[in-house]
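Protein chains in written order, with UniProt numbering: chain A, 1 to 228; chain B, 1 to 228.
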């Protein structure tokens, strides 16, 4: 099979990525802004942590079109509280992120990488959205620790980071109550929440990966006005 | 390059397809409903007619992932009025559609095809949206003729047809004025217009291509609940 007509941006993550093609989602918005320039591929896997996602990443890297950018967005499930089977210890989470970056560069050293931090949890909203008898599955504090680890890992590896956690925290006035309009269930995002993610990611692409700035990229196929 | 992790649905057409990833667009909606099952690829080329699109189709067929479905949606530009350089005579338009179907089946006889008819033009809305001195570029009557030709060609070839033209005309109460809420400029679609296209296309997939019914398809990768 020859190379696809468009290179790709791969959004690789959990349900926050998988749901990114819902109305107002950041994946659909990226696909729109990269039209005729790059395909934006949904590689979101609801409920997955980095341990389960690693073998999938290897499958994705062994296949598909040339990938110009991979956005890695995990932590929301790795940071669940035991006895959740989704829980991955912080040190293993960091090691898995580093292994993802290594695998991507091993497959194609020209592929750019962005690491995104998980958004903050709204503990009250989270509790309200769950069965009163269900044990707490995620906490603001624990997810914050995983978010900080993603940011530190990116710095350590010299990989661009989109600090989604801090973007939400800032916009919420550094109060959990301020997150309400951006989260549906204390964890997942409203379209307003996805707008925050889209703006932060595109801002980072423009600032740090300007060759992938959609406004600076040339369309693959000629504009109709030049034909005839 | 190995096969991509997901097979593809390719939306091949003009600006009506290209803009299908805008908020509420049918492409973004399809991508959402096919999440973890198929990639939905934007192969829309604003301003293109079937003559200019044919060589692009050949490039697309020579590359990319296994394509389960190609939706062919042209006519809005082929049906422009001379001296528009976009104009393609009706008989040449029909021949080009038949050649597209032939090329697709030659590349992979298992690829399903859907032909879509262009939506009706609202002459008054179209005139209002253009420079008063600009010559008329499209008319309700001419686009209707091209829409009928698409439907007839599909019947002749035994290819599924989504009669977008008739769906809009029905919903408009068979009056051009009734089209206003569905068209932005007498030609392109509002999100309400794209909803009509999405519903009609998904209805045809469910009825005539049930193996591609998103609800009946199995996700490629295991659900997280089965892991651990």
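Ideal Cβ positions, reconstructed from N, Cα and C, are used throughout, including at glycine.
Extent of the continuous beta strand (DSSP E) run through residue i
| i | result |
| --- | --- |
| residue 44 of chain B | 38-44 |
| residue 73 of chain A | 67-73 |
| residue 10 of chain B | 7-13 |
| residue 212 of chain A | Segment: none, residue 212 of chain A is in no beta strand (DSSP E) and carries neither H nor E. |
| residue 164 of chain B | Residue 164 of chain B -> not in any beta strand (DSSP E); alpha helix (DSSP H) instead, spanning 164-171. |
The ligand HEM heavy atom lying under 7 Å from the CB of residue i
| i | result |
| --- | --- |
| residue 14 of chain B | This structure simply doesn't include the ligand HEM, nor any ligand for that matter. |
Residues near residue i by beta carbon distance below 8 Å, same chain, minus five either side
| i | result |
| --- | --- |
| residue 180 of chain A | 122, 125 |
| residue 220 of chain B | 5, 6, 36, 37 |
| residue 42 of chain A | 11, 17, 18, 20, 21, 27 |
| residue 154 of chain B | 115, 160, 161 |
| residue 298 of chain A | Residue 298 of chain A lies beyond the residue range present for chain A, which begins at 1 and ends at 228; the question has no answer from this structure. |
| residue 55 of chain A | none |
| residue 127 of chain A | 136, 186 |
Of the residues the options, the one placed nearest residue i, counting alpha carbons only
| i | options | result |
| --- | --- | --- |
| residue 34 of chain A | A/224, A/205, A/225 | A/205 |
| residue 23 of chain B | A/194, A/152, A/214, A/211 | A/194 |
| residue 150 of chain B | B/115, B/174, B/176, B/131 | B/115 |
| residue 46 of chain B | B/222, B/97, B/13, B/80 | B/13 |
| residue 69 of chain B | B/137, B/107, B/55, B/84 | B/107 |
| residue 91 of chain A | A/103, A/152, A/18 | A/152 |
| residue 117 of chain B | B/97, B/25, B/131 | B/97 |
| residue 109 of chain A | A/142, A/67, A/160 | A/67 |
| residue 226 of chain B | A/15, A/52, A/44, A/25 | A/52 |
| residue 164 of chain A | A/177, A/146, A/157, A/156 | A/146 |
| residue 157 of chain B | B/105, B/65, B/186 | B/105 |
| residue 75 of chain A | A/64, A/65, A/94 | A/94 |
| residue 230 of chain A | A/215, A/216, A/211 | As displayed, chain A neither begins before 1 nor continues past 228, which places residue 230 of chain A out of reach and without an answer. |
| residue 129 of chain A | A/185, A/190, A/199, A/203 | A/185 |
| residue 189 of chain B | B/119, B/136, B/72, B/54 | B/119 |
| residue 228 of chain B | A/83, A/71, A/73, A/99 | A/83 |
Cβ-based burial, residue i [other Cβ within 10 Å; buried from 16]
| i | result |
| --- | --- |
| residue 62 of chain B | exposed |
| residue 223 of chain B | exposed |
| residue 102 of chain B | exposed |
| residue 218 of chain A | exposed |
| residue 134 of chain A | exposed |
| residue 132 of chain A | exposed |
| residue 64 of chain A | buried |
| residue 192 of chain B | exposed |
| residue 25 of chain B | buried |
| residue 44 of chain B | buried |
| residue 72 of chain A | buried |
Contact set for residue i: own chain, Cβ-Cβ below 6 Å, skip 5 residues either direction
| i | result |
| --- | --- |
| residue 49 of chain A | 77, 78, 86, 88 |
| residue 143 of chain B | 79, 118, 121 |
Cβ-based neighbour list, residue i, same chain, cut-off 7 Å, excluding 5 preceding and 5 following
| i | result |
| --- | --- |
| residue 40 of chain B | 9, 11, 27, 30, 31, 34 |
| residue 196 of chain A | 167, 168, 171, 182 |
| residue 139 of chain B | 81, 121, 123 |
| residue 208 of chain A | 160 |
| residue 176 of chain B | 122, 123, 124, 140 |
| residue 200 of chain A | 162, 164, 167 |
| residue 213 of chain A | 205, 206 |
| residue 15 of chain B | 44, 46, 47, 188 |
| residue 178 of chain B | 172 |
| residue 99 of chain B | 54 |
| residue 216 of chain B | 210 |
Endpoints, the alpha helix (DSSP H) within which residue i is located
| i | result |
| --- | --- |
| residue 98 of chain B | 90-107 |
| residue 236 of chain A | The requested residue 236 of chain A is not part of the displayed model; chain A covers only 1 to 228. |
| residue 115 of chain B | Not the alpha helix (DSSP H): residue 115 of chain B falls in the beta strand (DSSP E), residues 112-116. |
| residue 148 of chain B | 140-157 |
| residue 61 of chain B | 50-61 |
| residue 124 of chain B | 123-128 |
| residue 26 of chain A | 26-33 |
Inter-stretch contact at 8 Å, needing at least 3 Cβ pairs: the stretch 168-177 of chain B / the stretch 56-71 of chain B: no
Residues, ordered as in the chain, of the stretch 47-59 of chain A that lie near chain C by beta-carbon distance below 7 Å: Annotation note: the requested chain C is absent from the structure, which comprises protein chains A and B.
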